[in-house]
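Asks: Just dropping this structure here.
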Amino acid sequence: MKTIFTVLIIIVCLASANAQELITGKVVDNGQPIPGASVRIQGTTTGTVTDSNGEFKITAKINDVLIVTFIGAQTYTAKVISKYITINLSVKPTSLELTESLYKQMTANKLKELTAIPAFAKNSYKKFSSDPTGIPKNASSIGFINSIKITPSDSDGDGLSNADELLIGTDPHDTDTDGDGLLDGWEVGKINGVDLKTLGASPMHKDIFVQMDFMKRASATNGLGPNTQVLAGIKMAFNNAPVSNPDNIKGISIHLILGKEIPYQENLDSINRDFPILKSKYFDTKRGVAFHYMVWANGYGNDDSSGNALGIGTSDFVVTLGQWNGNQGGTDQQKIGTFIHELGHNLGFYHGDTEDVNFKPNHISVMNYSYQIDGVSSGGRTYYTYQPFDLPALDENILSETKGLGAGLLLQGYIIQYASPSQTLTPVEGDGAIDWDFNGEIDKSAVEADVNGDGERTILKPTPNEWSRVKFKCGSIGQFQTFAGLVQNGVKKYYKVPMKELTQSLYQKTRKN
Numbered sequence: 002m003k004t005i006f007t008v009l010i011i012i013v014c015l016a017s018a019n020a021q022e023l024i025t026g027k028v029v030d031n032g033q034p035i036p037g038a039s040v041r042i043q044g045t046t047t048g049t050v051t052d053s054n055g056e057f058k059i060t061a062k063i064n065d066v067l068i069v070t071f072i073g074a075q076t077y078t079a080k081v082i083s084k085y086i087t088i089n090l091s092v093k094p095t096s097l098e099l100t101e102s103l104y105k106q107m108t109a110n111k112l113k114e115l116t117a118i119p120a121f122a123k124n125s126y127k128k129f130s131s132d133p134t135g136i137p138k139n140a141s142s143i144g145f146i147n148s149i150k151i152t153p154s155d156s157d158g159d160g161l162s163n164a165d166e167l168l169i170g171t172d173p174h175d176t177d178t179d180g181d182g183l184l185d186g187w188e189v190g191k192i193n194g195v196d197l198k199t200l201g202a203s204p205m206h207k208d209i210f211v212q213m214d215f216m217k218r219a220s221a222t223n224g225l226g227p228n229t230q231v232l233a234g235i236k237m238a239f240n241n242a243p244v245s246n247p248d249n250i251k252g253i254s255i256h257l258i259l260g261k262e263i264p265y266q267e268n269l270d271s272i273n274r275d276f277p278i279l280k281s282k283y284f285d286t287k288r289g290v291a292f293h294y295m296v297w298a299n300g301y302g303n304d305d306s307s308g309n310a311l312g313i314g315t316s317d318f319v320v321t322l323g324q325w326n327g328n329q330g331g332t333d334q335q336k337i338g339t340f341i342h343e344l345g346h347n348l349g350f351y352h353g354d355t356e357d358v359n360f361k362p363n364h365i366s367v368m369n370y371s372y373q374i375d376g377v378s379s380g381g382r383t384y385y386t387y388q389p390f391d392l393p394a395l396d397e398n399i400l401s402e403t404k405g406l407g408a409g410l411l412l413q414g415y416i417i418q419y420a421s422p423s424q425t426l427t428p429v430e431g432d433g434a435i436d437w438d439f440n441g442e443i444d445k446s447a448v449e450a451d452v453n454g455d456g457e458r459t460i461l462k463p464t465p466n467e468w469s470r471v472k473f474k475c476g477s478i479g480q481f482q483t484f485a486g487l488v489q490n491g492v493k494k495y496y497k498v499p500m501k502e503l504t505q506s507l508y509q510k511t512r513k514n
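Shown next as structure tokens:
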């Protein structure tokens with residue numbers, strides 16, 4: 002049975018008919034905001050995406066036509082005709098688990114539905130005179146290929162001539178103008194035969210590519226893999242990232258490329274043995290220089306762990322929510338949070354940001370178990386995000402209850418979590434006083450308390466802005482090599498013992514009834 006939603010677009014135009022002005026709009030479903038919807042001006046590459054409140058801003062003119070798309074939904078148009086216009090649209094989004102046929106339907110138009118920031122349209126169909134990014138004739142499956150070669154006509158050796166770089170707008174003296182670990186030449190051409198340009202790459206805007214393989218189990222009513230709402234939630238988190246780019250558009254384009262349905266396994270056990278077998282069978286190693294590889298699976302290690310990355314700074318992870326919610330699989334929110342959490346390990350983050358200490362009150366991030374499943378609450382809304390600011394250290398031996406986290410107005414509107422003596426999480430306003438020792442009053446003198454529930458009183462290190470420290474060049478990504486194996490020379494190897502990850506049992510234990 003398909004559910005028909007009414008989507009309301011409210012457009013406020015502060016413009017005259019002949020001038021471009023800022024257009025503010027909102028996309029909602031029965032009064033509820035739709036995040037991650039793409040809004041583009043017809044006939045142009047100018048576009049944006051709705052935020053977590055379903056709102057967007059775009060520079061346009063009266064009589065411009067806005068193209069509104071949402072992953073898995075029909076595309077609709079809205080003409081800007083007045084200062085205030087209401088348009089009712091019937092949309093039929095799918096809540097079904099993503100399948101290969103649905104994915105092909107969604108991406109029939111060169112993956113536009115999966116690319117919130119338009120592909121590098123200016124050059125997306127152009128073959129440059131200097132395009133040495135194919136596979137050399139004598140290249141084997143292992144070896145140093147596509148290495149940097151500096152020549153008089155290519156000052157930085159990124160595979161593009163200086164003349165082409167001037168045409169594109171990239172820096173002829175920087176191999177990776179946007180700093181995403183992918184050489185400029187790769188992003189307008191091919192690398193190891195993989196056409197990143199067609200997949201939406203831009204040398205002027207940071208890109209992350211993820212191949213997602215998936216398992217299916219009929220009895221998991223929530224599905225083991227993602228649906229279109231899950232993809233939209235993941236994309237929204239990265240599209241809204243406070244990250245600067247050479248094209249002056251904030252955010253990171255994350256390209257979620259559906260791979261293959263692979264045979265169902267109850268458990269990947271041990272994950273360090275079974276996952277490499279899956280990767281060697283289903284992942285084309287030529288993609289390794291640009292792609293993370295992940296599997297939506299049922300479980301691993303015979304417990305209800307939500308997922309795992311195979312190391313900090315690698316390029317492989319799994320999401321395993323099959324045993325959650327009475328073996329029905331993860332909810333959309335659980336899948337969004339866990340995917341971003343495990344990918345965060347690839348991008349260089351620990352559970353405590355720079356340290357593997359969990360439930361830190363001074364770490365407001367999806368990497369912290371406190372927020373992995375339920376998200377970060379700010380201004381009455383929920384976000385699945387890495388920490389976007391710096392927070393000071395907390396010394397559990399000399400805590401100030403009057404100052405709380407000591408960040409003042411920086412945390413205005415945020416709800417943070419800290420551990421009670423019974424090791425359950427307690428929500429409190431982030432910019433105010435905090436009763437760290439749970440004695441029912443705000444003490445003026447310093448107090449001692451175990452505020453992250455690990456049984457010790459230590460110094461919880463400061464947590465810097467995570468978005469500013471994303472490690473794009475991780476695992477095999479950007480390493481100029483293709484690998485037949487999985488443990489790459491020169492990069493961090495897989496953990497011999499898998500990291501401990503959030504289980505449903507621990508999640509339930511740390512929440513109040």
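If you want our numbering, it's the 1-based position in the sequence shown plus 1.
The beta carbon of each residue, even a glycine, is placed where N, CA and C say it ideally should be.
Using the C-alpha atoms, what's the distance from L507 back to G327?
Replies: The residue labelled residue 327 in the question sits at position 326 within the sequence shown. The residue labelled residue 507 in the question sits at position 506 within the sequence shown. Cα to Cα, G327 sits roughly 15 Å from L507.
Asks: Look up P187 in the DSSP assignment and say whether it is helix, strand or coil.
Replies: Stepping through the sequence shown from its first residue, residue 187 is reached at position 186. Contrary to the premise, residue 187 reads as Trp rather than Pro in this sequence. If DSSP states are grouped into helix, strand and coil, W187 belongs with the helices.
Asks: Would you mind stating whether T332 and S307 have Cβ atoms separated by less than 7 Å?
Replies: Counted from its first residue, the sequence shown places residue 332 at position 331. Counted from its first residue, the sequence shown places residue 307 at position 306. No, these two residues do not count as a Cβ contact at 7 Å.
Asks: Can you name the start and end residues of the beta strand (DSSP E) that Q80 belongs to?
Replies: To locate residue 80, count along the sequence shown from 1; it is residue 79. First, the amino acid is wrong: residue 80 is Lys here, not Gln. First-last of the beta strand (DSSP E) with K80: 77 to 80.
Asks: Going by the CB atoms, is the gap between E343 and F318 shorter than 7 Å?
Replies: Within the sequence shown, residue 318 is the residue found at index 317, counting from 1. Within the sequence shown, residue 343 is the residue found at index 342, counting from 1. Closer than 7 Å, so yes.
Asks: Specify whether the segment 464 to 476 and the segment 261 to 280 touch according to this definition: at least 3 beta carbon pairs, one from each stretch, less than 8 Å apart.
Replies: Output reads no: the segment 261 to 280 does not touch the segment 464 to 476.
Asks: Could you pull the DSSP bridge partners for A298 from this structure?
Replies: Your numbering for residue 298 matches position 297 in the sequence shown. Bridge partners of A298: T321.
Asks: Determine which residues share a DSSP beta bridge with E166 and list them.
Replies: Translated into positions along the sequence shown, residue 166 becomes position 165. Paired residues: none, contrary to the question.
Asks: Measuring alpha carbon to alpha carbon, tell me which residue in S371, D436, L461, P463 is nearest G405.
Replies: Taking the first residue of the sequence shown as position 1, residue 405 is located at position 404. Residue D436 is the option with its Cα nearest to G405.
Asks: Measuring CA to CA, which of Q413, P463, L400, G353 is closest to A447?
Replies: Here residue 447 refers to the residue found at position 446 of the sequence shown. That would be L400, whose Cα lies nearest to the Cα of A447.
Asks: In the DSSP assignment, find the alpha helix (DSSP H) that holds N363 and state where it starts and stops.
Replies: Taking the sequence shown and counting its residues from 1, one reaches residue 363 at position 362. No alpha helix (DSSP H) holds N363; DSSP gives it neither H nor E.
Asks: P463 and P243 - do their beta-carbons sit closer together than 7 Å?
Replies: As a position in the sequence shown, residue 243 is number 242, starting the count at 1. As a position in the sequence shown, residue 463 is number 462, starting the count at 1. Result no, Cβ atoms of P243 and P463 do not sit closer than 7 Å.
Asks: Under a three-way DSSP split, which group does K278 fall into?
Replies: Here residue 278 refers to the residue found at position 277 when the sequence shown is read from its first residue. It should be noted that the sequence gives Ile, not Lys, for residue 278. In the structure shown, I278 sits in a helix (DSSP, three-state: H, G or I).
Asks: Could you have a look at S506 and say whether DSSP puts it in helix, strand or coil?
Replies: Mapped onto the sequence shown, residue 506 falls at position 505. If DSSP states are grouped into helix, strand and coil, S506 belongs with the helices.
Asks: Which residue marks the beginning of the alpha helix (DSSP H) containing S371, and which one marks its end?
Replies: As a position in the sequence shown, residue 371 is number 370, starting the count at 1. Per DSSP, S371 belongs to the alpha helix (DSSP H) from 370 to 373.
Asks: Can you tell which of F239, V69, K282, V81 has its C-alpha closest to the C-alpha of F473?
Replies: For the purposes of this step, residue 473 is identified with residue 472 of the sequence shown, where counting begins at 1. When only C-alpha atoms are compared, the closest one is F239.
Asks: Suppose contacts are defined by Cβ-Cβ distances below 7 Å. Is N268 in contact with Y301 by that definition?
Replies: Residue numbering aside, residue 268 sits at position 267 when the sequence shown is read from its first letter. Residue numbering aside, residue 301 sits at position 300 when the sequence shown is read from its first letter. Contact flag set, yes.
Asks: Is it buried or exposed, K336, if we count other Cβ atoms within 10 angstroms and call 16 or more buried?
Replies: As a working mapping, residue 336 is identified with position 335 in the sequence shown. Label assigned to K336: buried.
Asks: Please name the residue in L412, E402, E457 whose C-alpha comes closest to that of N440.
Replies: Residue 440 sits at position 439 when you count from the first residue of the sequence shown. If we check each option's Cα against that of N440, E402 comes out closest.
Asks: Identify the residues that DSSP records as bridge partners of S590: which are they?
Replies: An answer regarding residue 590 cannot be provided, because it is not within the stretch 2 to 514 covered by the chain.
Asks: Does DSSP put I460 in a helix, in a strand, or in coil?
Replies: By 1-based counting over the sequence shown, the position of residue 460 is 459. Here I460 sits in strand by DSSP.
Asks: Sort out for me which residues DSSP pairs T383 with in a bridge.
Replies: The residue you call residue 383 lines up with position 382 of the sequence shown. Bridge partners of T383: S378.
Asks: Exposed or buried, K191, counting other C-beta atoms within 10 Å across all chains shown (16 or more means buried)?
Replies: Walking along the sequence shown from the start, residue 191 turns up at place 190. Label assigned to K191: buried.
Asks: Would you check if there are 3 or more beta carbon pairs closer than 8 Å linking the segment 443 to 459 to the segment 250 to 264?
Replies: No contact exists between the segment 443 to 459 and the segment 250 to 264.
Asks: Can you say whether I460 is buried or exposed, counting buried as having 16 or more other CB atoms within 10 angstroms of its CB?
Replies: Working through the sequence shown from its first residue, we reach residue 460 at position 459. Counting Cβ neighbours within 10 Å, I460 comes out exposed, since fewer than 16 surround it.
Asks: Which of the three DSSP states is assigned to I63 in this structure?
Replies: Residue mapping note: residue 63 aligns to position 62 of the sequence shown, counting from 1. Here I63 sits in coil by DSSP.
Asks: Within the same chain, show all residues whose beta-carbon is closer than 8 Å to that of Y283, passing over the 5 residues directly before and after it, in chain order.
Replies: As a first step, residue 283 is located in the sequence shown; it is residue number 282 there, counting from the start. Within the same chain, Y283 has close Cβ partners D214, G260, K261, I263.
Asks: At which residues does the beta strand (DSSP E) containing G224 begin and terminate?
Replies: Mapped onto the sequence shown, residue 224 falls at position 223. Looking at the DSSP string, G224 is not in any beta strand (DSSP E), and its letter there is neither H nor E.
Asks: Compute the Euclidean distance between the alpha carbons of G438 and L395, then round it to the nearest angstrom.
Replies: For this step, residue 438 is matched to residue 437 along the sequence shown. For this step, residue 395 is matched to residue 394 along the sequence shown. The residue you asked about is not Gly; residue 438 is Asp in the sequence shown. When rounded, the distance between both Cα atoms is 14 Å.
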